[in-house]
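Undergrad: One structure follows; several queries about it will come next.
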Amino acid sequence: MLDETDRKIIQATQAGLPLTPQPYQAIAEQLGLTTDDVMMRMSAMQNSGIIRRIGAVPNHYKLGYRFNGMTVWNVPDETIDELGQKVGQLEFVSHCYHRPRHPTEWMYNLFAMVHGKSQQDVDQQIQQISDLLGDYNLGCDVLYSTKILKKTGFRTTARMQEVEQSMEQLPSSGKSKGTQPVTD
Amino acid sequence: MLTTLHKQLLNDYQRDFPLSARPYQDIADALGVTEADVLSAFTELNGNNFISRIGPVIPPNHIGVSALVAMSVPEQQLQAVADKISAYPEVNHNYEREHRLNLWFVIIASDAEHLRAVIDSIERETSYPAMLLPMLDDFFIDLGFKLDLNNA
Chain A
4 MLDETDRKII QATQAGLPLT PQPYQAIAEQ LGLTTDDVMM RMSAMQNSGI
54 IRRIGAVPNH YKLGYRFNGM TVWNVPDETI DELGQKVGQL EFVSHCYHRP
104 RHPTEWMYNL FAMVHGKSQQ DVDQQIQQIS DLLGDYNLGC DVLYSTKILK
154 KTGFRTTARM QEVEQSMEQL PSSGKSKGTQ PVTD
Chain B
381 MLTTLHKQLL NDYQRDFPLS ARPYQDIADA LGVTEADVLS AFTELNGNNF
431 ISRIGPVIPP NHIGVSALVA MSVPEQQLQA VADKISAYPE VNHNYEREHR
481 LNLWFVIIAS DAEHLRAVID SIERETSYPA MLLPMLDDFF IDLGFKLDLN
531 NA
């Protein structure tokens, strides 16, 4: 379980580790901890899965991946674990989630965000997922975003003081138009 | 223009950034460059917005609860409704998408009760029903996203 110190470490690192030779020491000093304590706690959080990874978070949009689609698929429930694992491993899929259906309005239970440098790339990726699912593909759709209406990273509000959340997300292009994935 | 070092940092350090006293020095040793080279390359990537940050990435729903929500809003009201929704501090992403369900946003709350309260409030305020799509399973196998940087 996370304690208050763990939460403070997550919060203090959400804007990014400082680009100075001893970044963990800088975080430690900011929080009144020792460098070893910060590193040990981060290591423990990584082992327990609270931290998925530590690394550079690329801005895919800025790097030329301007064509992003939220692909949604209807697959039989009994196959979703196996198929979801397979789709999630595709190198162009950045997120892959099982979400509930809402019959009859929304029958799609598998979500996969895909990213390409051209519409043609994305079309090929969608075809690849379709081929992978084969007969288990009972229907699909692709939702492109036309406008980013809000995109914020980590924040803390009084009501959310218990929430120290870093989204697994693709960063914003900083532009108001473009195709960006929805993540949660 | 991205240098070889920029590309190595982008593709090889999306994960496994060293958890050590001198992580940039460790990366420098692995790549055969200096710590100053690594620091300046990361600073350039950061300054040019090729990376948004270096740091820990936390999977969804490990801290707090979140849900993807979809709404169908008439086009002429979309911006006004979106503005109301975006005003909630609990709303993280908010996108217009090409679909009958044309407004998609993510709510992050401290717990299930808080999440429900925010959704109820949004439905009351906008008078449109919210379709809740919380994550049931995360299939993402995190190998890092392989970037094609040939033309970058």
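If you read the protein sequences in the order shown, they are chains A and B.
Under this note's numbering, the residues of the first sequence are numbered 4 to 187, in order.
Under this note's numbering, the residues of the second sequence are numbered 381 to 532, in order.
C-beta atoms are modelled at their ideal positions from N, C-alpha and C, and glycine is treated no differently.
None of the values given here were measured: they were computed from a predicted structure.
1. Alpha carbon to alpha carbon, how far is A:Trp-109 from A:Leu-134? Give it in angstroms, no decimals.
2. With a cut-off of 8 angstroms, does the C-beta of A:Arg-44 fall near any C-beta of chain B?
3. Where does the unbroken beta strand (DSSP E) through B:Leu-448 begin, and where does it stop?
4. Quick check on A:Arg-44: does DSSP put it in helix, strand or coil?
5. Looking at chain A, which residues of the stretch 432-465 of chain B have a Cβ within less than 7 angstroms of any of its Cβ atoms?
6. Which runs of the alpha helix (DSSP H) at least 4 residues long sit entirely within the stretch 78-148 of chain A? Give them in chain order.
7. Would you mind telling me which residues of chain B sit closer than 8 angstroms to A:Thr-16, beta carbon to beta carbon, in chain order?
8. Which one of B:His-479, B:Ile-499 and B:Val-437 has the shortest CA to CA distance from B:Ser-466?
9. Would you list, in chain order, the members of the stretch 394-407 of chain B that have their beta-carbon closer than 8 angstroms to a beta-carbon of chain E?
10. So, is A:Asn-62 buried or exposed, given that buried needs 16 or more other C-beta atoms within 10 angstroms?
11. With a threshold of 8 angstroms on Cβ separation, who are the neighbours of B:Ser-446 within its own chain once the five nearest residues in sequence on each side are excluded?
12. Taking the straight line between their C-alpha atoms, what separation do you get for A:Glu-171 and A:Ile-13?
13. Helix, strand or coil for B:Arg-496? Go by DSSP, reduced to three states.
14. So is A:Met-116 buried or exposed if we call it buried at 16+ other beta carbons inside 10 Å?
15. State the DSSP-derived secondary structure class of B:Asn-391, mapped to helix, strand or coil.
16. Using beta-carbon positions only, say whether A:Ala-59 and B:Leu-389 come within less than 8 angstroms of one another.
17. Given that a residue counts as buried once 16 or more other Cβ atoms are within 10 Å of its Cβ, and exposed if not, what is B:Ser-507?
18. At the 8 angstroms Cβ level, is B:Met-511 part of the contact set with chain A, yes or no?
19. With a 10 Å radius around its C-beta and 16 neighbouring C-beta atoms as the bar for buried, classify A:Thr-74 as buried or exposed.
TA: In short, the structure shows the following:
1. The question names Leu, but residue 134 of chain A is Asp in the sequence shown. In this structure, the CA atom of A:Asp-134 is about 22 angstroms from the CA atom of A:Trp-109.
2. For A:Arg-44, no CB of chain B lies under 8 angstroms from its own CB, so it is not counted at the interface with that chain.
3. 445-451 is the span of the beta strand (DSSP E), which, as asked, contains B:Leu-448.
4. Helix.
5. From the stretch 432-465 of chain B, only Ser-432, Arg-433, Ile-434, Gly-435, Pro-436, Val-437, Ile-438, Pro-439, Pro-440, His-442, Ile-443, Gly-444, Ser-446, Ala-447, Leu-448 and Ala-462 have a Cβ closer than 7 angstroms to chain A.
6. For the stretch 78-148 of chain A, whole alpha helix (DSSP H) runs of length 4 or above, ordered along the chain, are 83-92 and 122-136.
7. Those within 8 angstroms of A:Thr-16 in chain B are Gly-435 and Pro-436.
8. Among B:His-479, B:Ile-499 and B:Val-437, the Cα nearest to that of B:Ser-466 belongs to B:Ile-499.
9. Absent here is chain E; the protein component of the structure consists of chains A and B.
10. Classification for A:Asn-62: buried.
11. The beta carbon of B:Ser-446 sits closer than 8 angstroms to those of Pro-440, Asn-472, Val-486, Ile-487, Ile-488, Ala-489, Leu-495, Pro-514 and Met-515, all from its chain and outside the five residues before and after it, given in chain order.
12. Its pLDDT being 33, under 50, A:Glu-171 is placed unreliably by the model, and nothing is read from it.
13. DSSP, read as helix, strand or coil, puts B:Arg-496 in helix.
14. Result: buried.
15. Correct three-state label for B:Asn-391: helix.
16. In contact: A:Ala-59 and B:Leu-389 (Cβ atoms closer than 8 angstroms).
17. Within a 10 Å sphere around the beta-carbon of B:Ser-507 sit fewer than 16 other beta-carbons, which makes this residue exposed.
18. Chain A has a Cβ within less than 8 angstroms of the Cβ of B:Met-511.
19. When all chains shown are included, A:Thr-74 counts as buried.
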